[in-house]
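Take a look at the structure below.
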Amino acid sequence: MNHVKAKGSELMGIKFTQVYAIARITFQEILRDKVLLNIILLSVLLLSIAFAASNLTFLSPERVIIDFGFTAMNLSGMMIAVFHCASMIQKEFERRTIFVALARPITHFQFLLGKLFGLFAILLLNCTVLAAAIGVFYLSFGGKLNLTFFYGVFLLTIQSLFFAGLTLIVASFSTSSETVIIMIGLYLVGNNISEIDALIVKMDPGVVKTLLKSMVFILPNLENFNLGFTITYGLPVSGTFVLTSCVYAILITFASILVSSLLIQRRE
Amino acid sequence: MLEINQVQQSFRSGFWLNRVEVLKGVSFQVPTGSIFGFLGPNGAGKTTLIHLVVGMKRPREGVVLWKGVPTFQNSAKSNIGYLPERPYFHDFLTGEEFLVYFGRLSGMKKSTVLSRVDRVLASVGMAHARKLELRKYSKGMLQRIGIAQAILHDPELLVLDEPMSGLDPTGRKEIRELILELSREGRTILFSSHVIPDVEAICDRVAIIRQGKIVDTGIVSNFLEQETLGVDVEVAGLSAAQLPRLPHMSLVSEKTNSVRIQLDSRENVEVVLRAIMDAGGRIRSVAPIRSSLEERYESRESKGK
Chain C
742 MNHVKAKGSE LMGIKFTQVY AIARITFQEI LRDKVLLNII LLSVLLLSIA FAASNLTFLS
802 PERVIIDFGF TAMNLSGMMI AVFHCASMIQ KEFERRTIFV ALARPITHFQ FLLGKLFGLF
862 AILLLNCTVL AAAIGVFYLS FGGKLNLTFF YGVFLLTIQS LFFAGLTLIV ASFSTSSETV
922 IIMIGLYLVG NNISEIDALI VKMDPGVVKT LLKSMVFILP NLENFNLGFT ITYGLPVSGT
982 FVLTSCVYAI LITFASILVS SLLIQRRE
Chain R
126 MLEINQVQQS FRSGFWLNRV EVLKGVSFQV PTGSIFGFLG PNGAGKTTLI HLVVGMKRPR
186 EGVVLWKGVP TFQNSAKSNI GYLPERPYFH DFLTGEEFLV YFGRLSGMKK STVLSRVDRV
246 LASVGMAHAR KLELRKYSKG MLQRIGIAQA ILHDPELLVL DEPMSGLDPT GRKEIRELIL
306 ELSREGRTIL FSSHVIPDVE AICDRVAIIR QGKIVDTGIV SNFLEQETLG VDVEVAGLSA
366 AQLPRLPHMS LVSEKTNSVR IQLDSRENVE VVLRAIMDAG GRIRSVAPIR SSLEERYESR
426 ESKGK
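Laid out in structure tokens, this is it:
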């Protein structure tokens, strides 16, 4: 009897044939999910509001399009990451598909990496479609696309992946609904880290100040990915900022997968 | 040979994360080429042990070896096929896509998978459903495609967790025949089941697990031969009243032209038969009464309580 030897491109012991297989099936599965359809509908609604609001504005309607459009992209990316990641692992256990997969010569890390790559492909598709729609509206209102626009789209896509990684950790030890609640809280705090920083500066030294400082250090800083008014006004963004944010996101995402795989092993 | 040696496994449960022992020093061996049945009530530790056998987890203590290699190692895993209990598969995939997915998970090249798909589907009797979505499959078909993914990478050891669960009698019979066919191909098969007659019909060895301990293991035929409960005799030409009165003999039933009696051991058979014939009776049948695997299992269960 001849049994098959595992083959495929390998990097640091990770076989990408298997990771690709999991990513592909995850992509197909999310694409068929009604949750994704609802999120896309919400994004379309936000873009329609942006279009309507631009028509009602006397000055710089293209800026309204950019503002609303990037908000839609930010929210939809975050929602896809949180809602899908929160239930992804739970579903795998409920359906026992994780057991059949892990009985193959793959590790928990490879499995989660594949799941996250599949989700990332969806996030990439979502951001590309929305960016194309925003771009078309923007151009039709007389705006001019510049590098900042593309940096903005790239950073929001990376932010969604980063947030998906964090959601994976929380989902490894809590239920789907708990995960969603925790991640919405983290999203709100993560987008206001500079506000907490400003508060810390004004505070007298003490326990609360130390506590807030540690929180700022530990909590994810989503402001690293949100260019805000820089995009609205088409101001230049340094390549170093984009690169640093990208490296930050990738490192945290890989660390998240590692931590999640250990937590899931314990959960089993 | 699959060797399970002094395996202990536990998990933490409750608010204080107390350790709960699931497997307590389990040891047995599954010889190469055999069909090994694994019996036990719910919560006995069957699925936990199966997870260790297929290499999904490492045992906390002890070893699980397939051909001398720990089963959690990739070299052993790629030689083991596994069908979980009541599996859910991605139902939007067709039979072929499903097999390609699992082939790729095993590290097989796409061309190798595609060349195996035809053979594997034919061997489980599912060649006609290659392009059909899994959502359109019946329960029996899903079980068959599940077995197909388990044998796709041509493993020598096949682990089936409750393969007949939820199937109707025809489906069970088909899966039984399929398991026998896979065994004839030279595979070693370990399967757990609640349906004891199924285990009795196809297994050559069996282990009974209760509360995380193996309480009985051995060759099925030996199990059954060990305990001959008596002898059943059918006699014609005599009524119950005309039967000679002998010790160790009891009347079971009386029909219009025959009576059935039961002897409590094999030792008195010749004496009893001669006495019946001397009284003018004709012997229609003589059959030993053996305990079924179910009775053996139940007796083990009641001893354990």
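As you go down the protein sequences, you meet chains C and R in turn.
Counted the way the numbering used here counts, the first sequence spans residues 742 to 1009.
Counted the way the numbering used here counts, the second sequence spans residues 126 to 430.
Just so you know, even glycine gets a beta-carbon here, dropped at the ideal spot from N, CA and C.
Since we're looking at a predicted model, the values are computed, not measured.
Residue-level contact check: L239 (chain R) does not touch chain C, since none of the beta carbons of chain C fall below 8 Å from its beta carbon. With distances taken between CA atoms, L999 (chain C) lies nearest to C:T848 out of C:T848, C:A939 and C:T971.
With respect to the C-alpha of I925 (chain C), the residue from C:L963, C:S913 and C:L860 having the closest C-alpha is C:L963. By the rule that beta-carbons nearer than 8 Å mark a contact, I847 (chain C) touches chain R. Taking 8 Å as the threshold, the shortest C-beta distance from A842 (chain C) to chain R falls below it. As a beta-bridge residue in DSSP terms, T313 (chain R) pairs with R:L282. Using a Cβ distance threshold of 8 Å, V360 (chain R) and V377 (chain R) do not count as a contacting pair.
The shortest C-alpha to C-alpha distance from A874 (chain C) to any of C:A813, C:V942, C:G969 and C:S997 is the one to C:A813. For the pair P288 (chain R) and E210 (chain R), the Cα-to-Cα distance works out to about 7 Å. DSSP places R229 (chain R) inside the alpha helix (DSSP H), whose first and last residues are G220 to L230.
Between V179 (chain R) and V284 (chain R) a beta carbon distance of about 5 Å is seen, short of the 8 Å cut, so the two are scored as contacting. Closer than 8 Å at the C-beta level to chain C, one finds these residues of the region 169-199 of chain R: H176, V179, G180, M181, K182 and N199. Rounded to the nearest whole angstrom, the C-alpha separation of L816 (chain C) and N965 (chain C) is 16 Å.
In the structure shown, N965 (chain C) falls within a helical segment according to DSSP collapsed to helix, strand and coil. The beta carbon of L259 (chain R) sits closer than 8 Å to those of F214, H215, D216, F217, L218, T219, G220, F223, L267 and I270, all from its chain and outside the five residues before and after it, given in chain order.
Per DSSP, G859 (chain C) is one residue of the alpha helix (DSSP H) stretching across H849 to S881. Distance from the CA of I333 (chain R) to the CA of V249 (chain R), rounded to the nearest whole angstrom, comes to 28 Å. Shown here for G265 (chain R): same chain residues with a beta carbon closer than 7 Å to its own, the five before and five after excluded, namely L292, G296 and E299 in chain order. CA-CA distance, G859 (chain C) to V340 (chain R), rounds to 46 Å. K756 (chain C) belongs to the set of residues whose beta carbon lies under 8 Å from a beta carbon in chain R.
Apart from sequence neighbours up to five positions away, the residues of its chain that approach S290 (chain R) with a beta-carbon distance below 7 Å are E210 and R211, ordered along the chain. A contact is defined here as three or more CB-CB pairs under 8 Å, and the region 271-278 of chain R meets this definition with respect to the region 234-249 of chain R.
Not a single CB atom of chain R sits nearer than 8 Å to the CB of E919 (chain C). By the Cβ-count criterion, N967 (chain C) is buried, with 16 or more other Cβ atoms from all chains shown falling within 10 Å of its own Cβ. Residue environment for G165 (chain R): buried (at least 16 other C-beta atoms within 10 angstroms of its C-beta). Between G893 (chain C) and I972 (chain C), the CB-CB gap stays under 8 Å. For R385 (chain R), the enclosing beta strand (DSSP E) covers residues S383 to L388. Think of a sphere of 8 Å around the beta carbon of L230 (chain R): the chain C residues whose beta carbon falls inside it are Q759, A762, I763, A842, R845 and I847, in chain order.
Secondary structure within the region 744-807 of chain C: the alpha helix (DSSP H) runs of 4 or more consecutive residues, fully enclosed, are 757-772 and 775-797 (chain order). In the DSSP assignment, L984 (chain C) falls within the alpha helix (DSSP H) that extends over G980 to R1008. Taking all protein chains in view, the Cβ of V145 (chain R) is surrounded by fewer than 16 other Cβ atoms within 10 Å, so the residue is classified as exposed.
For Q769 (chain C), the nearest CB of chain R lies under 8 Å from its own CB, placing it at the interface with that chain. For M374 (chain R), the enclosing beta strand (DSSP E) has its first and last residue at M374 to E379. Residue state for F140 (chain R) is assigned as coil, using DSSP reduced to three classes. Judged by their CB atoms, F197 (chain R) and R183 (chain R) are nearer to each other than the 8 Å cut-off. Listed in chain order, the non-local C-beta contacts of Q851 (chain C) below 8 Å within the same chain comprise I755, K756, Q759, V760 and I763, local neighbours out to five positions each way being set aside.
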